[in-house]
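Count along the sequence shown from 1, then add 538; that gives the number in the numbering used here.
Note that CB positions come from ideal geometry on N, CA and C, so glycine has one too.
What you are looking at is a predicted structure, and each value in this text was computed from that prediction instead of being measured.
Reviewing the structure listed below.
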Amino acid sequence: MSTLPVFERARIADGGPAPLYLKLKRLVIDAIAQGTLADRDAIPGERDLARMLGISRVTVRKAFADLVADGVLVQRRGSGTFVAPKTGRIQLPLSRLTSFTEDMRLRGIETFSDWLDRSVALPTPEESLVLALSPGDKVIRLHRLRRADGKPLAIERSSIPHRFLPDPMAVETSLYAALTERGLKPVRALQRLHAVALSKGDADLLGLPEGSPALFTERVAYLTDGRVIEFTRSHYRGDSYDFVAELHLAAGS
Ligand code: 16G
């Protein structure tokens, strides 16, 4: 099997004291990013992989469960585990607070953004309310057309309180990376989504006919101390995204 060299025992021994299931996840993600594992490649079964790497089946199962939840791998009953095809719909977990750049990196997809607006502005009444701004406070607006492997996937319009991020030019590839560098990593978010038909302007940006379906999401993200750091409204192409939620039986059922 061509993929076996990826899973040599020595590889999992590298990389310091991180838990083994995280090391296995990293091994798979890096192999996809480097092209050693390609779309639809079969991953050895749980038992074989545990033996090859000298780790327990429980560890392999935990890493696989995470990679499937992240949309990096797909599991088909009876036929095994495979690298999720990049060209298919993108599965985004609804229960994790991740960034666009991170989500795509996990899938080995290169991202680019076209800037539509990157400015300091006076807030709209909606921005003031959502971001809990005081009179006179400003916002920075980061409006981007986000591309993955060249294809336009989403339009994201983010507003951040100006006091947290004085210079909009500080955001290059990733907003969350810029915030994290400043000790302002969002740790919790509320997100809601509904279906919309794209306006002419947004449809043109996404290369779709006017009125095409899209998923409109609003995310309000918070810092550890409860202050709002981000208000983002996004239009995701309806033909490219699945938002996936894992459901558990309610307590007491
Ligand atoms: C995601 C978030 C968006 C956030 C962005 C940061 C959703 C619906 N949206 O796309 O709120 O601003 O990531 O990405 O998940 P970045 O760090 O790559 O700029």
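CA-CA distance, residue i and residue j?
{"i": "Val612", "j": "Ala659", "result": "44 Å"}
{"i": "Arg578", "j": "Glu710", "result": "32 Å"}
{"i": "Leu717", "j": "Gly616", "result": "44 Å"}
{"i": "Ala715", "j": "Leu558", "result": "26 Å"}
{"i": "Arg595", "j": "Ala588", "result": "5 Å"}
{"i": "Ser712", "j": "Arg547", "result": "34 Å"}
{"i": "Asp552", "j": "Met590", "result": "15 Å"}
{"i": "Ala603", "j": "Leu562", "result": "12 Å"}
{"i": "Pro673", "j": "Pro663", "result": "11 Å"}
With 16 other CB atoms within 10 Å as the buried threshold, where does residue i fall?
{"i": "Asp742", "result": "exposed"}
{"i": "His786", "result": "exposed"}
{"i": "Leu632", "result": "exposed"}
{"i": "Arg679", "result": "buried"}
{"i": "Ser651", "result": "buried"}
{"i": "Met707", "result": "exposed"}
{"i": "Glu665", "result": "buried"}
{"i": "Arg634", "result": "exposed"}
{"i": "Ala692", "result": "buried"}
Using only CA atoms, which one of the options lies nearest to residue i?
{"i": "Gly618", "options": "Ala588, Glu584, Gly609, Ala601", "result": "Glu584"}
{"i": "Leu728", "options": "Ala548, Ile567, Ile767", "result": "Ile767"}
{"i": "Ala576", "options": "Val621, Ala783, Ile678", "result": "Val621"}
{"i": "Glu784", "options": "Ala716, His681, Asp608, Gly739", "result": "Asp608"}
{"i": "Pro582", "options": "Asp568, Gly573, Gln572, Arg599", "result": "Arg599"}
{"i": "Trp653", "options": "Phe638, Arg684, Thr662, Ile628", "result": "Arg684"}
{"i": "Gly745", "options": "Pro724, Gly688, Arg765, Thr639", "result": "Gly688"}
{"i": "Arg627", "options": "Ile567, Ala789, Phe781, Ala788", "result": "Phe781"}
{"i": "Lys676", "options": "Arg682, Asp740, Ser657, His773", "result": "Ser657"}
{"i": "Leu761", "options": "Gly573, Glu665, Gly646, Phe702", "result": "Phe702"}
{"i": "Asp705", "options": "Arg720, Gly554, Leu560", "result": "Arg720"}
{"i": "Ala838", "options": "Arg614, Lys723, Ala686, Pro690", "result": "A query on residue 838 cannot be resolved here, the shown segment of the chain reaching from 539 to 791 and no further."}
Does any C-beta atom of chain D lie closer than 8 Å to the C-beta of residue i?
{"i": "Leu744", "result": "The chain labelled as chain D is not found in the depicted structure, where only one protein chain is given."}
If you measure from the CB of residue i, is any heavy atom of the ligand COA nearer than 7 Å?
{"i": "Arg757", "result": "In the structure shown, the ligand COA is absent; the only ligands present are the ligand 16G."}
(request) Tell me, please, whether the stretch 748-764 touches the stretch 726-738 by the rule of three or more beta-carbon pairs shorter than 8 Å. (result) yes
(request) Scan the stretch 682-733 and note each continuous alpha helix (DSSP H) run of 4 residues or more that stays entirely inside, going in chain order. (result) 713-719
(message) As an exercise, report each continuous beta strand (DSSP E) stretch of at least 3 residues that is fully enclosed by the stretch 589-674, in chain order.
(response) 611-614, 618-621, 628-631, 649-659
(request) Determine, using beta-carbon pairs with one atom in the stretch 669-679 and one in the stretch 692-712, whether at least three such pairs fall under 8 Å. (result) yes
(request) Would you list, in sequence order, the uninterrupted beta strand (DSSP E) runs of no fewer than 3 residues that lie entirely inside the stretch 740-787? (result) 751-760, 766-775, 779-782
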